[in-house]
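First comes the structure, then the notes that go with it.
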Amino acid sequence: MSDQPLYLQLRDQLLEHMARGALQPGTRLPSERALAETFETTRVTLRQALAQLESEGAIYRSNRRGWFVSAPRLEYDPVMDISFTRYVADQGRTPRTEVVGIERMPAPVHVAKALKLGEVADVYLLRRKRYVDERLVFIERIWLNPIYLPHLDQQPVDALWKMLNEKYGIELKRKQITITPIALIGSIAEALDVNSGCPGLFITRLGQTAKGEAIEYDEEYWLHDVLTIRVSTQSL
144 MSDQPLYLQL RDQLLEHMAR GALQPGTRLP SERALAETFE TTRVTLRQAL AQLESEGAIY
204 RSNRRGWFVS APRLEYDPVM DISFTRYVAD QGRTPRTEVV GIERMPAPVH VAKALKLGEV
264 ADVYLLRRKR YVDERLVFIE RIWLNPIYLP HLDQQPVDAL WKMLNEKYGI ELKRKQITIT
324 PIALIGSIAE ALDVNSGCPG LFITRLGQTA KGEAIEYDEE YWLHDVLTIR VSTQSL
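Start counting the sequence shown at 144; every next residue gets the next number (the working numbering).
Here is the structure:
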């Protein structure tokens, strides 16, 4: 008899079920009642096992829709300067960007500092949603410096970096990136359709020109089970 708790034994059984191909990535799990009957366990033990699998990134829960099998994680190298669309497509997945809106507004203090604006200054705020294989995986707030980007709100902003280069002649050469584990709460959790308090990643990216002109400050809120961070280095 195994000395593992029952919910961990059930977790292993569910993982084996997935490994055999009985549950493919992206498919919805049967109802909790059906799973409990299939594995001859209680709903309490089943929920503990599902919660464990969720914390490990093997499954995810969509509010009002149920449990789903997670797809393999994307490999993300923050050192590599390529777009979301490209690195997702290069890994055989399907990316999609949804522009929520763009507006000009007073810059929050931390944004004004990052973009080297004055204490009283406006900034463009671009909101987008990013999907992989039609699953929403992160939302982003991109703060953009209007000093270098006049009339930005009249431009197409789905392919932002390409537009900055072609319309404004701006190429972002220097970037500062931070990656912080967080809990997704409030409006962020609601936008990502997860329960408040779910784990996530908060990624910020400051984009500058070769001259040090601060153009873009990006704030991204990722689901925790989407990325594997892989950094490439080269010895001198």
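Cβ coordinates follow ideal geometry from the N, Cα and C atoms, glycine included.
{"Query": "Taking the C-alpha atoms as reference points, what is the distance between Leu279 and Gln234?", "Result": "17 Å"}
{"Query": "Touching or not, the stretch 361-372 and the stretch 324-339, by the rule of three or more beta carbon pairs under 8 Å?", "Result": "yes"}
{"Query": "Could you give the distance in angstroms between the alpha-carbon of Tyr219 and the alpha-carbon of Ser226?", "Result": "11 Å"}
{"Query": "Taking just the CA atoms, how far does Asp301 sit from Thr347?", "Result": "19 Å"}
{"Query": "Whole-angstrom Cβ separation of Tyr274 and Pro238, contact assumed at under 8 Å?", "Result": "7 Å"}
{"Query": "Quick check on Ile372: buried or exposed, where buried means 16 or more other Cβ atoms within 10 Å of its Cβ?", "Result": "exposed"}
{"Query": "For Arg271 versus Val243, is the C-beta spacing smaller than 8 Å?", "Result": "yes"}
{"Query": "Which partner residues does Glu314 have in the DSSP bridge list?", "Result": "According to DSSP, Glu314 bridges with nothing at all."}
{"Query": "Would you mind reading off the limits of the beta strand (DSSP E) that contains Leu287?", "Result": "278-287"}
{"Query": "What number of angstroms, rounded off, separates the C-alpha of Thr170 from the C-alpha of Gly209?", "Result": "10 Å"}
{"Query": "What does the alpha-carbon distance come out to for the pair Thr376 and Met223?", "Result": "10 Å"}
{"Query": "Considering only C-alpha positions, which residue in the set Gln167, Leu157, Lys318 is nearest to Glu175?", "Result": "Leu157"}
{"Query": "Which residues does DSSP list as the beta-bridge partners of Tyr291?", "Result": "Answer is none; Tyr291 lacks a bridge partner."}
{"Query": "Across the stretch 312-321 and the stretch 178-196, are there enough close Cβ pairs to call them in contact, namely three or more that are closer than 8 Å?", "Result": "no"}
{"Query": "Please list the terminal residues of the continuous alpha helix (DSSP H) segment that includes Ser198.", "Result": "186-198"}
{"Query": "By how many angstroms is the C-alpha of Gln297 removed from the C-alpha of Met161?", "Result": "47 Å"}
{"Query": "Taking Cβ positions, are Leu172 and Val231 nearer each other than 8 Å?", "Result": "no"}
{"Query": "Starting from Tyr267, follow its DSSP beta bridges and name the residues at the other end.", "Result": "Arg247, Leu287"}
{"Query": "In terms of residues, what are the limits of the alpha helix (DSSP H) holding Gln156?", "Result": "149-162"}
{"Query": "Once you ignore the five residues that flank Glu351 on each side, which residues in its own chain have a CB closer than 6 Å to its CB?", "Result": "In the sequence as displayed, the identity of residue 351 is Gln instead of Glu. Excluding residues within five positions, the ones whose Cβ falls inside 6 Å are Arg317, Ala357."}
{"Query": "Report the option in Glu277, Leu307, His294 whose CA atom is closest to the CA atom of Arg247.", "Result": "His294"}
{"Query": "Under three-state DSSP, which class holds Leu344?", "Result": "strand"}
{"Query": "Between Arg229, Leu349, Pro249, which has its C-alpha nearest Thr240's C-alpha?", "Result": "Arg229"}
{"Query": "Looking only at its own chain, which residues have a Cβ that is under 6 Å from the Cβ of Ala250, when we skip the five neighbours before and after it?", "Result": "Leu260, Ala264, Val266"}
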